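Below: one structure, written as structure tokens.
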Amino acid sequence: MAQTLLLLPGDGIGPEVIEQTVRVAEKVAPDLGLDYGLIGGASYDELGTPLSEDTIAKAKASDAVLMGAVGGSKWDGVERHNRPEAGLLGMRVALDTYANLRPALCFDALADASALKRHLVEGLDIMIVRELVGGVYFGQPKGIETLEDGTRRGFDNAEYTTPEIHRITRVAFDIAKGRGNYDRKWGGVCSVEKSNVMDSGLLWKQEVQALYDAELKDMGVPLHHMLADACAMQLVREPKGFDVILADNLFGDILSDEASMLTGSIGMLPSASLSDPGKPGFFEPVHGSAPDIAGQGKANPCAAILSLEMALRWSLDRPDAADAITRAVGAALEKGARTGDLGGELSTSGMGDAILAEL
Ligand code: NAD
Ligand code: IPM
Ligand code: MN
């Protein structure tokens, strides 16, 4: 049976970057069945919900799902559970994509586009493995309440359980094993938390270590622990010292935005959200809907195109097509193709043209 990829363009620059990604998909995987669905604000406007049962059913029936972006000030006044972001979080839970892989890879041609000096980022290739369906994002209770004196109290609950920590730790070790970069300063897996302040962080550190001692030690993959704030610092001081960073939902979110700027632009960073083998993966750029440039044809489509690359590699078992995309993006950049975020002048479709020309 033909494989299917469900496209969820979403809001803001989402549809613009997905349009270019579709051109690439039709070129490298012409037999792939493409279907479309609604998510985020686009879904709320049409159906009154940011994530419909129809979209969930379509996603579950697909081999992989590729989203553009969700969000925008247009929906600022909407109740939280109907906000565009709630659609994205709901999809992650519906597909149980607990393992979010966020590679930060600096293309040679972009070493000078980074906010850091060339020698710090040249050849950078790190992987952030972020737990995606637990932690403070989903912990109960959460809310905003009005106190007796009329002031208000907002609260969230950061929590993790042993199974949640163990399953994401296994993913991080499998990936580190495949990469084999043990000679780096924090090579192998570097697990980050705030065990010095948070009990859920202390449990995280203890459970990662316990699983390592009991089952993972024999893999030969080194394990390091680091406080999340120190990791944020080391990421700009010595980013190439890292290999695989294992983080909870919140720290992984923050550290991956930080890592994106090492690679030149947030417009370059793709991500894969994976569940257990055999279940559909969810792929999306790390960036958001970029309301400041939406509708202007300025968005960099690379993060979305590289998210297709990850879908081909991690869910669709088409490594050759994936390699072709990585090569084409690198070649286009070598020839000077740049959107505004990279200091150039190409439009979104111009960048798409430059990449297609290399395929
Ligand atoms: P953002 O990532 O949308 O934008 C941050 C900055 O980076 C902006 O200046 C933007 O123009 C720029 N940028 C982002 N992607 C770019 C691209 N492909 N090419 C060129 N420049 C790019 O983050 P934000 O402004 O904090 O959030 C905007 C909205 O997006 C919010 O509603 C937020 O909740 C949502 N958001 C969604 C996702 C997602 O859909 N996965 C991720 C992050 C934020
Ligand atoms: C991301 C985004 C999302 C997150 C938002 C839009 C819910 O920032 O994918 O990085 O916080 O996970
Ligand atoms: Mn984020």
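Numbering follows our numbering, with no gaps: position 76 of the sequence shown is 206. Note that CB positions come from ideal geometry on N, CA and C, so glycine has one too. Please read these numbers as outputs of a predicted model, since none were measured by experiment.
Next on the checklist: Looking at the ligand MN, does it come within less than 8 Å of Gly-418, judged from the CB to the closest heavy atom?
Outcome noted: The residue labelled residue 418 in the question sits at position 288 within the sequence shown. Gly-418 Cβ: within cutoff of the ligand MN.
Next on the checklist: In this structure, how does DSSP classify Val-319 when only helix, strand and coil are distinguished?
Outcome noted: As a position in the sequence shown, residue 319 is number 189, starting the count at 1. It is a strand residue.
Item to check | Which of helix, strand or coil DSSP assigns to Asn-230 | outcome: The sequence position of residue 230 within the sequence shown is 100, counting from 1. In this structure, Asn-230 counts as strand in the three-state DSSP scheme.
Checklist entry - Is Asn-230 near the ligand NAD, going by C-beta to nearest heavy atom under 8 Å? => result Locating residue 230 in the sequence shown gives position 100, counting from the first residue. No - the ligand NAD has no heavy atom lying nearer than 8 Å to the Cβ of Asn-230.
Checklist entry - So what's Phe-493 in DSSP terms, helix, strand or just coil? => result One cannot answer for residue 493 here, as it falls past the ends of the chain, which runs 131 to 489.
Checklist entry - Taking Cβ to Cβ, would you say Asp-378 is nearer than 9 Å to Gly-318? => result Here residue 378 refers to the residue found at position 248 when the sequence shown is read from its first residue. Here residue 318 refers to the residue found at position 188 when the sequence shown is read from its first residue. No, these two residues do not count as a Cβ contact at 9 Å.
Checklist entry - Gln-150: buried (16+ other C-beta within 10 angstroms of its C-beta) or exposed? => result Here residue 150 is taken as the residue at index 20 of the sequence shown, counted from 1. Label assigned to Gln-150: buried.
Checklist entry - In terms of alpha-carbon separation, which member of Met-356, Cys-361 and Asn-287 lies closest to Asp-329? => result Mapped onto the sequence shown, residue 329 falls at position 199. Measuring from the Cα of Asp-329, the nearest candidate turns out to be Asn-287.
Checklist entry - Near the ligand COA, which residues have their beta-carbon less than 5 Å from any of its heavy atoms, given in chain order? => result Looking at this structure, you won't find the ligand COA anywhere; what it does contain is the ligand NAD, the ligand IPM and the ligand MN.
Checklist entry - Excluding sequence positions up to five away, which residues of its chain have a Cβ less than 6 Å from the Cβ of Gly-331? => result Here residue 331 is taken as the residue at index 201 of the sequence shown, counted from 1. Counting only Cβ-Cβ distances below 6 Å, and skipping sequence neighbours, we find Glu-323, Lys-324 and Ser-325.
Item to check | As assigned by DSSP and simplified to three states, the class of Leu-277 | outcome: Locating residue 277 in the sequence shown gives position 147, where the first residue counts as 1. In this structure, Leu-277 counts as coil in the three-state DSSP scheme.
Checklist entry - Is the closest heavy atom of the ligand MN to the C-beta of Asp-141 under 8 Å? => result By 1-based counting over the sequence shown, the position of residue 141 is 11. It does not: the Cβ of Asp-141 is nowhere closer than 8 Å to a heavy atom of the ligand MN.
Item to check | Rounded separation between Leu-240 and Gly-397 - CA only | outcome: Reading the sequence shown from its first residue, position 110 is the one you call residue 240. Reading the sequence shown from its first residue, position 267 is the one you call residue 397. Taking the straight line joining both Cα atoms gives about 12 Å.
Item to check | Alpha-carbon spacing of Ile-455 relative to Leu-489, whole angstroms | outcome: Along the sequence shown, one-based indexing puts residue 455 at 325. Along the sequence shown, one-based indexing puts residue 489 at 359. Between Ile-455 and Leu-489, the C-alpha separation is close to 7 Å.
Item to check | Reduced DSSP secondary structure (H/G/I, E/B, other) of Phe-372 | outcome: By one-based count along the sequence shown, residue 372 stands at place 242. Looking at Phe-372 - three-state DSSP - the assignment turns out to be strand.
Checklist entry - Thinking just about the alpha-carbon of each residue, which of Pro-431, Ala-462, Arg-443 and Gly-411 is nearest to the one in Leu-494? => result This structure gives no information on residue 494, because the portion of the chain shown stretches from 131 to 489.
Checklist entry - With C-beta atoms as the reference, is Glu-294 less than 9 Å away from Tyr-342? => result Mapped onto the sequence shown, residue 294 falls at position 164. Mapped onto the sequence shown, residue 342 falls at position 212. Their beta carbons are not under 9 Å apart, which means Glu-294 does not touch Tyr-342 by this criterion.
Item to check | Beta-carbon separation (whole angstroms), Leu-218 vs Gly-170, contact threshold 8 Å | outcome: One-based indexing of the sequence shown puts residue 218 at position 88. One-based indexing of the sequence shown puts residue 170 at position 40. Between Gly-170 and Leu-218 the Cβ distance is about 7 Å, and since that is below 8 Å, they are a contact.
Next on the checklist: Can you tell me where the beta strand (DSSP E) holding His-354 begins and where it ends?
Outcome noted: Along the sequence shown, read from residue 1 onward, the residue named residue 354 stands at position 224. Counting along the chain, the beta strand (DSSP E) containing His-354 begins and ends at 353-357.
Next on the checklist: Counting C-beta neighbours from all protein chains within 10 Å, is the total for Asp-471 16 or more, i.e. buried, or is it exposed?
Outcome noted: Against the sequence shown, residue 471 aligns to sequence position 341. With 16 or more other Cβ atoms within 10 Å, it is buried.
Item to check | Reference Phe-285, options Ser-419, Ile-256, Met-131 and Val-266, closest by Cα | outcome: What you label residue 285 is simply residue 155 of the sequence shown in a count that begins at 1. For Phe-285, the nearest C-alpha among the options comes from Val-266.
Item to check | Entirely enclosed beta strand (DSSP E) segments - the segment 291-349, minimum 3 residues | outcome: 316-323
Checklist entry - Going along the chain, which residues of its own chain have a beta-carbon closer than 6 Å to the beta-carbon of Ala-492, five neighbours each way excluded? => result The chain is shown from 131 up to 489; residue 492 falls before or after that span and cannot be answered.
Item to check | Extent of the continuous beta strand (DSSP E) run through Asp-165 | outcome: If you number the sequence shown from 1, residue 165 lands on position 35. First-last of the beta strand (DSSP E) with Asp-165: 163-166.
Checklist entry - Are the Cβ atoms of Pro-415 and Ser-437 separated by less than 9 Å? => result Here residue 415 corresponds to residue number 285 of the sequence shown, with the count starting at 1. Here residue 437 corresponds to residue number 307 of the sequence shown, with the count starting at 1. Cβ atoms of Pro-415 and Ser-437: closer than 9 Å.
Checklist entry - Enumerated in chain order, which unbroken segments of the beta strand (DSSP E) with a length of 3 residues or greater are wholly contained in the segment 133-178? => result 134-140 and 163-166
Checklist entry - So does Pro-501 have its beta carbon nearer than 8 Å to some heavy atom of the ligand NAD? => result As shown, the chain starts at 131 and ends at 489. That puts residue 501 outside it, with no answer to give.
Next on the checklist: Can you give me the C-alpha to C-alpha distance between His-355 and Gly-480, rounded to a whole angstrom?
Outcome noted: Here residue 355 refers to the residue found at position 225 when the sequence shown is read from its first residue. Here residue 480 refers to the residue found at position 350 when the sequence shown is read from its first residue. Distance between the alpha carbons of His-355 and Gly-480 is about 43 Å.
Checklist entry - Apart from the five residues just before and just after Leu-246, which ones in its own chain have a Cβ nearer than 7 Å to its Cβ? => result Reading the sequence shown from its first residue, position 116 is the one you call residue 246. Here the set comprises Val-366 and Leu-392.
Item to check | Simplified DSSP state of Glu-261, which is helix, strand or coil | outcome: Position 131 of the sequence shown, counting from 1, holds the residue named residue 261. In the structure shown, Glu-261 sits in a strand (DSSP, three-state: E or B).
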